[in-house]
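**Student:** Per the working numbering: the sequence shown ends with 739, consecutive numbering throughout. Virtual Cβ for every residue (Gly too), placed ideally from N, Cα, C.
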Amino acid sequence: MSDIRYARWDGSQDPLRAELPTDEIVEQLSEDLLDGWGTDASLRRMLREGMPGRFSGLDELADRIRQIREEQAARGRLPDPLAEVRRRLEDVVSDERLELSADDRPEARFQEIVLDALPDSPAQAIQELRSYDFASSSAAEAFAELLEDLRNQVMEASFRQLADAMRDPSPAAVEQLKDMLADLNRMLDQRQAGTGPSAEEFDEFMRKHGSLFPEQPATLDELLEALAARAAAFSRFMASLSPEQQEELRDLMTSMLDDLDLQFQLDQLGRSLRTLAPGLAWDRPAEAPGDAAGLADALNIIEDLSAVENLERALQQDYPGASLEDIDADELERLLGMDARQDLDRLRSIERTLEEAGVLVRSQGRLELTPRGVRKMGEQALQKVFQHLRVAETGSHEVPVAGGAGEPTGTSRPWQFGDAFRLDLRRTVQNAVMRQGPGDVALHPDDFEILEHETRTAVATVLLLDMSRSMPLRGHWVGAKRMALALHTLISTTFPEDTLEIVAFSDYARPMAPADLAVVDWEPVYGTNMEHAFNLAGRILSRHRDSSKQVLLVTDGEPTAHLEGDQVFFQWPPARETIDRTLREALRLARSGVTMNIFMLEQDPGLAGFIDRLAKIAHGRVFSVRSADLGDMIVRDYLTR
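Written out as structure tokens, the structure is:
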């Protein structure tokens, strides 16, 4: 029966959150970790690729967003922003001319002259018509509607969030707007100077001017983000126009905002937004659908396009300080659906999941693999090995002599001098009674029987791991490290009385902790210094006097270096002195009772000839093995021997 735990709802639980399988995450990371990528780089690669079959990575999400952006950009270039204004002006003038043609008064002829003299520029024509006394009521009504639409479009084009505030052209509404802009500009000045504003000051600003912002931003950053996005979209729109179109549009906007103080406040706001949001695509020409209904419509499209571009850049994560928190989850969901948002949530939770599981820890801004993480990688490597093995029984290393230590056999035998004093009390007392008969019983040493145990021996192993540059070049490096992790896990969990020491060697040899296997990389130096490795192995094994001793040598090449004092001598092809020094160290190991097992990863004649001599001198065994089968062979050999 499984246990079910209940906890009080505290608002932080996510009932829809799919738990990430820690073991599968570690398994996917382990390949890159063993290949020497490092923890941070391995995690970044996983974020880019996701987990196939479970959720998408950043690359796939970015590709889908890029397709959307390219489809939007392919719809056509921006139309003339004032084409609709010109058409409506022509309709107004045509209605007025039709009304004047039916009027015989001299004043009508004068008004026709005024209409004939209207400037070509829409902004200047509108300025002239503002003081014109229309004869046609329908033309006057159409012109008034045009002015109102233009005022709203200009305001929405500049700052969409304030468009509703400008729909009321009354002096009181304009004063309220200017008051709000002045307060907002003061806060932005504080932000640029680094002196504020405080959260309380922003709350006071919203209490005073919150009616002008229907979206009710919770912080100044939220408000600035929305205002800056619109202002940047307008700058991109202007950059997409010809110089003549830009001049016409500026004139029109100036004519619509005929309050100098209001224009000043808006200009100051625009400059502050550029300073506070430098990462936006200011003044970069944009393309948008050619069927945009007007200025505000085109700007809405450009703003949407900018949001898509910003999302694509955030997904690419190729800028300094990039973080998954930069990705707008709401925008991602709007464009790609809920599944994409869930994929992003899973990507964001990978690091948290690994930290909660004790696999990773962040130290001084860098991710590091913990001992628990190394152990989990070793367990997975060992599990893969066991999937290929058919071993009837695992356990410690037995010898054919029964003794007084190890696991009980269920039998007993007479005590001998030197045995551990683990008496079988029943048989001991029985022997005394049988010898003396009933009554007082006195024990004699001949009566003693001890519980019989299996006699077992501890094994001290030194794994010599070749780290020279030929190992990765020939594709052996990852397999060798995975084997070392599997062997370490096997010994530490199944044979706790045994010991394993790892010695890595290239030009020099040095001890390596199991945790280093996940992060250390091959060394880009020349030299395979087996002499130093054998010497270091002998010194390590000399500390284990009561254990059986063995060396496991994993290499893909013959020795090409030896020590001369503290310096390394290297030569290829190998110098005779290098070979002789290496064989002397191997002979010294053999004479001290160390068993040598040699795992040869290549088949070239030079290596084969050297290994043959080494095996004869050290009385060792030689295994020719592929790196992919290295873990299977070493673990099988360790278990069966």
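1) My parser needs the alpha helix (DSSP H) runs of 4 or more residues fully inside the segment 149-202; what are they?
2) Buried or exposed: which applies to W670, given that a residue is buried once 16 or more other Cβ atoms fall within 10 Å of its Cβ?
3) Give the DSSP-derived three-state secondary structure of L650 in the structure shown.
4) Checking 8 Å against the spacing of the C-beta atoms, do R369 and W380 come in under that value?
5) Who are the Cβ neighbours of S566 in its own chain at under 6 Å, not counting the five residues just before and after it?
6) Which word fits R488, buried or exposed, when buried means at least 16 other C-beta atoms lie within 10 angstroms of its C-beta?
7) From R460, A233, G419, pick the residue whose C-alpha is nearest to that of A200; which is it?
8) Buried or exposed: which applies to A270, given that a residue is buried once 16 or more other Cβ atoms fall within 10 Å of its Cβ?
9) When you compare each of L187, P594, G377 to Q225 by their alpha carbons, which one comes out closest?
10) Output needed for L661: all residues of its chain with C-beta closer than 6 Å, excluding positions within five of it in sequence on either side, in chain order.
11) Give me the Cα-Cα distance between L378 and E273, rounded to the nearest whole angstrom.
12) Whether or not the segment 434-448 and the segment 155-162 are in contact is what I'm after, with contact meaning three or more pairs of Cβ atoms, one per stretch, closer than 8 Å; do they touch?
13) Among residues of its own chain, excluding the 5 on either side of A160, which ones have a beta-carbon nearer than 7 Å to its beta-carbon?
14) Hey, V576 and E129 are a contact pair by Cβ (cut 8 Å); roughly how many whole angstroms apart?
15) Tell me which residues share the same chain as Q209 and place their Cβ nearer than 7 Å to its Cβ, disregarding the 5 neighbours each side in the sequence.
16) How is T587 classed by DSSP in three states: helix, strand or coil?
17) With the cut-off set at 8 Å, would you say R711 and D654 are in Cβ contact?
18) When the Cα atoms are used, what is the spatial distance from R524 to M532?
19) By the three-class DSSP mapping on this structure, what secondary structure does R719 have?
20) Beta-carbon within less than 7 Å of M569's beta-carbon, same chain only, minus the 5 sequence neighbours each way: which residues are those?
21) Which one or two residues does DSSP pair with L562 in a beta bridge?
22) Go ahead and pull the three-state DSSP assignment for I425.
23) Please confirm whether Q648 and V527 have their CB atoms less than 8 Å apart.
24) Please classify V695: does DSSP put it in a helix, a strand, or coil?
25) Among the candidates A330, L403, E345, whose CA atom is the shortest distance from the CA of L367?
26) In chain order, what residues of the same chain have a beta carbon less than 6 Å from the beta carbon of L598, not counting five sequence neighbours either side?
27) Going by beta-carbon coordinates alone, are A706 and A684 separated by less than 8 Å?
28) Can you tell me the Cβ-Cβ gap for L562 and L681, rounded? I've got them flagged as a contact below 8 Å.
29) Could you name the residues of the same chain whose beta carbon sits closer than 7 Å to that of G691, not counting the 5 residues immediately before and after it, in chain order?
30) When DSSP labels each residue in this structure, what does R724 get in the three-state scheme?
31) Just verifying my parser: in three-state terms, what is the DSSP assignment at L216?
32) Measure how close the beta-carbons of S404 and A455 come, nearest whole angstrom, since I'm counting them as under 8 Å.
33) To the nearest angstrom, how far is it from the Cα of F311 to the Cα of V190?
34) Tell whether a beta-carbon distance below 8 Å holds between L615 and T120.
35) Within 10 angstroms of the Cβ of A291, are there 16 or more other Cβ atoms? Answer buried if so, exposed if not.
**Tutor:** Walking through what the data contain:
1) 156-171, 181-199
2) exposed
3) strand
4) no
5) S604, T626
6) Legend: pLDDT at R488 = 44, less than 50; position of this residue unreliable, no value from coordinates given.
7) A233
8) exposed
9) L187
10) H630
11) 31 Å
12) yes
13) E410, L413, Q414
14) 7 Å
15) L198, A233
16) helix
17) no
18) 12 Å
19) strand
20) W575, A578, W620, D654
21) V601, L651
22) coil
23) no
24) Reading the sequence as shown, one finds Asn at residue 695 and not Val. Residue state, collapsed to three classes: strand.
25) A330
26) T559, H586, I589
27) no
28) The pair is not a contact, with the Cβ atoms about 15 Å apart (cut-off 8 Å).
29) K647
30) coil
31) coil
32) With a Cβ gap of about 39 Å, S404 and A455 do not count as contacting.
33) 35 Å
34) no
35) exposed
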